[in-house]
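I have placed the structure first, in the form of structure tokens, so that the comments after it can refer back to it.
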Amino acid sequence: MIDLSTTYLGSTLKNPLVVSSSPLCEKIDNIRRMEDAGAAAVVLHSLFEEQITLESHHLDRYLSHGTESFAESLTYFPDMVDYNLGPDAYLEHLRQAKVAVDIPIIGSLNGISTGGWISYAKKIQEAGADALELNLYYIPTDPDLSGAQVEQMYVDLVRDVKASVSIPVAVKLGHSFSAFANLARRLDQAGANGLVLFNRFYQPDFDLENLEVVHTLTLSSSYELLLRLHWIAILYGHIRADLAVTGGVHTAHDVLKAMMAGARVTMMTSALLKNGIGHLTTVRSDLLAWMEGHEYESIRQMQGSMSHRSVAEPAAFERANYIKVLSSYVLKT
Amino acid sequence: MVQEQIVSKKLRFFIIDGYRVARETGMGARINTVMQTCFFAISGVLPRNEAIAAIKHAIEKTYGKRGEAVVQKNFAAVDSTLAHLYEVQAPNQVTSSFDLRAAVPAESPEFVQKVIAKMIAGEGDLLPVSALPVDGTYPSGTAQWEKRNIALEIPVWDEDLCIQCGKCVLVCPHSVIRAKISEPQLLAGAPPTLKSAPARWREFKDLRYILQVAPEDCTGCVLCVEVCPAKSKSEVRHKAINMMPQPPIREQEAQNWKFFLQLPETERQALSLSHVKDVQLLQPLFEFSGACAGCGETPYIKLVSQLFGDRAIIANATGCSSIYGASMPTTPWAANQNGRGPAWSNSLFEDNAEFGLGMRLALDKQMEYARELVGRLSDTLGDELAEALLLADQSTDADIRAQRDRVMLLKKRLRVVSTPEARDLLSLADALVKKSVWIIGGDGWAYDIGFGGLDHVLASGRNVNVLVLDTEVYSNTGGQMSKATPRGAVAKFAAGGKPTPKKDLALMVIPYGNTYVARVAMGGSDSQTIKAFCEAEAYEGPSLIIAYSHCIAHGYDMRYGMDQQKAAVLSGHWPLFRYNPDLVKEGKNSLQLDSKPPSLPLKKYVYNETRYTMLVHSDPAGAKRLLELAQEDVLARWHFYEYLAAMPVGGTEKKEEHHD
Ligand SMILES: Cc1cc2nc3c(=O)[nH]c(=O)nc-3n(C[C@H](O)[C@H](O)[C@H](O)COP(=O)(O)O)c2cc1C
Ligand SMILES: Cc1ncc(C[n+]2csc(CCOP(=O)(O)OP(=O)(O)O)c2C)c(N)n1
Ligand code: SF4
Ligand code: SF4
Ligand code: SF4
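Chains as they are written, first to last, in this note's numbering: chain A, 1 to 333; chain B, 1001 to 1660.
So this is what it looks like as structure tokens:
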């Protein structure tokens, strides 16, 4: 009997397959199907702090526009007794998800202000989340803002949130830092229970016909996994926080590689958007088949087995590897 | 003089830049909170601290349910008001060399100066009844004198980038941005800042093109800038027109506007009236109305006035269009340099179709009698003139102009004859020129309250043109639900979202088979809109145009009105089509679909508007259910239209039609 179990953010999970944050998680029915297909935990779609504020401002602006200016029509809309603004709908969804499935449900918070982070984090805990994932998607466009300041901001946020909730907190972030290993350690020291690597950077594209900036969202491919493997392999053993991979996990091979690099769990979104929620079942059975074929007993057995400190050739993760790769390229012409 | 009053009454005088405070505290252009705070801070009706606490309490009560962020920004506005409210020390004697502007400019006509200006100044009660016209008519073209100066920013033209497409001119709800082409030598005496560019027309290539804004009449709605397709190659946000602060350029642009107005209009004969590019050169005879900034109804009315205004007779239902059309003391309806312009009247909300039919019947009767008299008097008038008058084809602008010339000659000849018949014909002579009867109103009128009458009038087969300005609610009275309100939209009397689908007025009328029916949305297709208006007017029978009109009651920034119209069309909520019964004669299906199958999920269109999103906030489950049903409505209706448009003509099966 092969043991697929792993631990993540204080829970024991039946396998390392976690569904990452995406609109797929907006439907309770989908979350049920994820559980049935073998997901070991689900991260809900994010609660965006500025979206809540923006909705408030919009509602107010347009309900007020043109009012009290013309005697025959003092207003243009019926004013409701109450509006379901703010995090209420999200929290209700979380409660329903908790009732609907047995697997852990991780809340996700995406925000900018300390005030918002803390009050929403508490509410997510109160609604019954097993853990909280903080998504720090921040683009430092201000030329006066230094890397050190940005990093300090991250560390402060994590410390503040940790101080206000008792459930485990994971931090999901991008890789554009000059010394990622150092930042990881500082977040670890600030109390982060997990690091989710990495956010994808959604670059806007240009529409040449209309001269407009357009949003693009292309789904990932397994190629994107390599960046994650690299950093997980380097961090493994150096920090206490659980390491999770998000980005480029599509197949059982991807899961195996992530485990060997040192991840506790692998997360999937693109693969499920592309192939449907049932894809989880395929990955799980492929995983079992591979482990059986290669005579592995458990996931724990392989976790970190190919990390920086476990491989015969650690230089493969360093500068030496860079030189080797470049010189090994055989020109075809 | 204002300063004199301040000095003599020993008034305390305070100032605040309310717009700045509002803008900087995130309140946008809404200064209510700011001005209310000023009132309590200055008036002393309550001790200041108590008053401020009371205001904040009221803010919490009023806006609390819209979210904490809204409460906080109002609080910030209150605090910032107190910090930006300054007392001005008035001198002990009068020192000022300027005063408030007169209500109307000195060059305005006598009636405007003596009567209208008084009303604008709020002194209407001082006017004697005898100051008003005795016959129920009222001077038109008067809104132009009411320089309201309400825009903080106005569009400024970059003549090098402009492709002269005319889209900005077409959408301007207030007829503020206009184009002319002019002989270069006429620009010799132009003010130094007047801009012009070589005209980009093959026929007018030696002329200059001028795009000019009336700076004091602009509402700053930004619709024109949003639709402008021409962007700078080195800075794409810079377009061929861009919003700039009004005060620094007001004087200069006012001079330019004055100069622009006296440039000759282009002869209609030289233009192709079915093209946006040419329509921009037609003088609007509906200008500077007091409709909301960015109103979606008025561009259609302006278009009617440009295309047919010099011979239009308009029956207007009560609604926004009757209010901005003729609310005292001014009217936006105007006349051209020949004194010709629309004749306009409003009867009631419920009887407008019948009101317009009455106009048609009266005109027809007058025409009939005039023709009879022309026949009887042909010896006196000369056979040639009589025959030409009776046989005139009046289908084109040129034909109508020729008939007008004949009528002029007719009048000249009649003036020297003193028989009773000649006098009758003299008074009826103008009836020999074809008139264009328009029946205009909102959806509340057409779909609901006036529907019985509308149905009756269309069924009569008479030659009237009905324009329904469909805002999908009763706008003028504050957004009550009508049968035109779409499923899922919130309106007054439909706070839970309208549970039933929008009534399809077009589908109720098409089966008559005698009525030209078009559904248009200027932002969906401006050329289809113009085509429909021209065809409707030319059709010898009743016509119905249903025009998508964005409105303040939809709840979004109306600068995006045309984008929303486009989204309405792409989503299939607003399919564009023309149903022309005359096409049967050519062996074609009368129904032509002018838009493509729905390609945008309905959600992407409706959730840009507060009338839909507020339901998401108040009843998420209900909103979801109604959205699903509304999406089904859209698809089902599209399939039905597609089916109708593909039907073989005359009900006879044509074999080859089955192949595709
Ligand atoms: C449509 C879509 C929506 C997403 N929404 C969120 C979100 O709300 N919060 C978040 O933290 N990540 C979000 N993500 C990122 C995913 O959780 C994930 O990190 C990313 O897609 C990379 O993983 P993948 O290669 O498995 O797709 C979203 C991704 C997609 C494709
Ligand atoms: C019989 C009658 N009922 C009610 C009114 C009040 N009233 C004036 S305008 C109006 C609404 C007009 O709505 P709509 O026809 O949609 O035109 P819109 O204002 O949207 O252009 C109403 C209810 C009236 N004038 N007459
Ligand atoms: S801003 Fe609005 S009112 Fe002013 S010119 Fe443009 S469209 Fe017309
Ligand atoms: S819309 Fe732009 S390009 Fe077209 S006429 Fe107006 S300013 Fe010129
Ligand atoms: S309420 Fe709507 S239809 Fe009426 S003037 Fe305002 S925008 Fe136009």
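Each residue gets a CB set at the ideal place from its N, CA and C atoms; glycine is no exception.
Could you say if the region 95-114 of chain A and the region 69-80 of chain A meet the contact criterion of at least three C-beta pairs nearer than 8 Å? No, because fewer than three Cβ pairs between the region 95-114 of chain A and the region 69-80 of chain A fall closer than 8 Å, the two stretches do not touch.
Cβ-based neighbour list, B/W1145, same chain, cut-off 6 Å, excluding 5 preceding and 5 following: V1104, S1108, V1112
For B/I1323, which residues from the same chain have a beta carbon less than 7 Å from its beta carbon, with the 5 sequence-adjacent residues on both sides left out? N1476
Counting only Cβ pairs nearer than 8 Å, list the residues of chain B close to A/T53. G1067, A1069
With 16 other Cβ atoms within 10 Å as the buried cut-off, status of A/T394: This structure gives no information on residue 394 of chain A, because the portion of chain A shown stretches from 1 to 333.
Are B/F1577 and B/L1303 close, meaning C-beta to C-beta below 7 Å? Going by C-beta atoms, B/F1577 is not nearer than 7 Å to B/L1303.
In this structure, does DSSP put B/P1299 in helix, strand or coil? helix
Compare the Cα-Cα distances from A/F317 to each of A/H308, A/V325, A/D144 and report the closest residue. A/H308
Taking A/A89 as the query, report the chain B residues whose CB atoms sit under 8 Å from its CB, ordered along the chain. Near A/A89 (Cβ distances below 8 Å), the residues of chain B are P1620.
Taking 6 Å as the cut-off, is the CB of B/I1552 close to at least one heavy atom of ligand 5? The beta carbon of B/I1552 sits closer than 6 Å to at least one heavy atom of ligand 5.
Could you tell me the distance, in whole angstroms, from the CA atom of B/P1542 to the CA atom of B/G1358? Here the alpha carbons of B/G1358 and B/P1542 stand approximately 14 Å from one another.
Out of B/G1496, B/N1465, B/V1466, B/L1467, point me to the one whose CA is closest to B/Q1480's CA. B/G1496
Helix, strand or coil: how does DSSP classify A/R200 here? In this structure, A/R200 counts as coil in the three-state DSSP scheme.
Comparing the CB of B/E1287 with every heavy atom of ligand 5, is any distance shorter than 6 Å? no
What are the start and end residues of each continuous alpha helix (DSSP H) run of 4 or more residues lying completely inside the region 1224-1303 of chain B, in chain order? 1250-1262, 1276-1279
How big is the Cα-Cα spacing for B/T1058 and A/E50? First, the residue type needs correcting, since residue 1058 of chain B is Ala and not Thr in the sequence shown. Distance between the alpha carbons of B/A1058 and A/E50 is about 25 Å.
Sorted by chain position, which residues of the same chain lie with C-beta nearer than 8 Å to A/P349's C-beta, five sequence neighbours on each side aside? Absent from the structure is residue 349 of chain A, since the part of chain A shown begins at 1 and ends at 333.
Since B/V1222 and B/C1168 are thought to touch, with beta carbons under 8 Å apart, how far apart are those beta carbons, to the nearest angstrom? Not really, about 11 Å apart at Cβ, beyond 8 Å.
Would you decide whether B/R1661 is buried or exposed? Buried here means 16 or more other CB atoms lie within 10 Å of its CB. The requested residue 1661 of chain B does not occur in the structure, where chain B is confined to residues 1001 to 1660.
Taking 6 Å as the cut-off, is the CB of B/S1475 close to at least one heavy atom of ligand 5? At a cut-off of 6 Å, the beta-carbon of B/S1475 counts as near ligand 5: some heavy atom of the ligand is closer than that.
When burial is assigned at 16 or more other CB atoms within 10 Å of the CB, is A/S20 buried or exposed? buried
In this structure, how does DSSP classify B/G1587 when only helix, strand and coil are distinguished? coil
Are B/S1196 and B/I1181 close, meaning C-beta to C-beta below 7 Å? In this structure, B/I1181 does not lie closer than 7 Å to B/S1196 by Cβ.
Run of the alpha helix (DSSP H) containing A/A335, from where it starts to where it stops: For residue 335 of chain A there is no data in the structure shown, the boundaries of chain A being 1 and 333.
Can we count B/C1320 as close to ligand 2, meaning its CB is less than 6 Å from some heavy atom? yes
Return the CA-CA distance between B/I1015 and B/C1038, expressed in angstroms with no decimal places. 9 Å
Can you give me the C-alpha to C-alpha distance between B/P1329 and B/F1288, rounded to a whole angstrom? 13 Å
Excluding five sequence neighbours on each side, which residues of the same chain lie with their C-beta closer than 8 Å to the C-beta of B/F1040? L1046, R1048, A1051, I1052, A1054, I1055
Give a single yes or no on whether B/V1169 has its beta carbon closer than 6 Å to a heavy atom of ligand 3. For B/V1169, the CB stays at least 6 Å from every heavy atom of ligand 3.
Between A/P82 and chain B, is any beta-carbon pair separated by less than 7 Å? The sequence given here has Asp at residue 82 of chain A, not Pro. Yes - at least one Cβ of chain B is within 7 Å of the one on A/D82.
When you compare the CB of B/A1429 with every CB in chain A, is at least one pair closer than 7 Å? no
Which chain B residues sit within Cβ distance under 8 Å of A/S73? S1475, N1476, T1477, G1478, G1479
Can you pull the chain A neighbours of B/R1030, defined as C-beta to C-beta under 7 Å? S64
Using a cut-off of 9 Å between C-beta atoms, extract the partners of A/P78 located in chain B. Think of a sphere of 9 Å around the beta carbon of A/P78: the chain B residues whose beta carbon falls inside it are G1479, V1490, A1491, K1492, F1493, A1494, A1495, M1614, in chain order.
Cβ-heavy atom distance between A/T114 and ligand 3 below 6 Å? no
Please report the straight-line C-alpha distance between B/R1163 and B/I1241, rounded to a whole angstrom. Note that residue 1163 of chain B corresponds to Ile in the displayed sequence, not to Arg. For B/I1163 and B/I1241, the distance between alpha carbons rounds to 11 Å.
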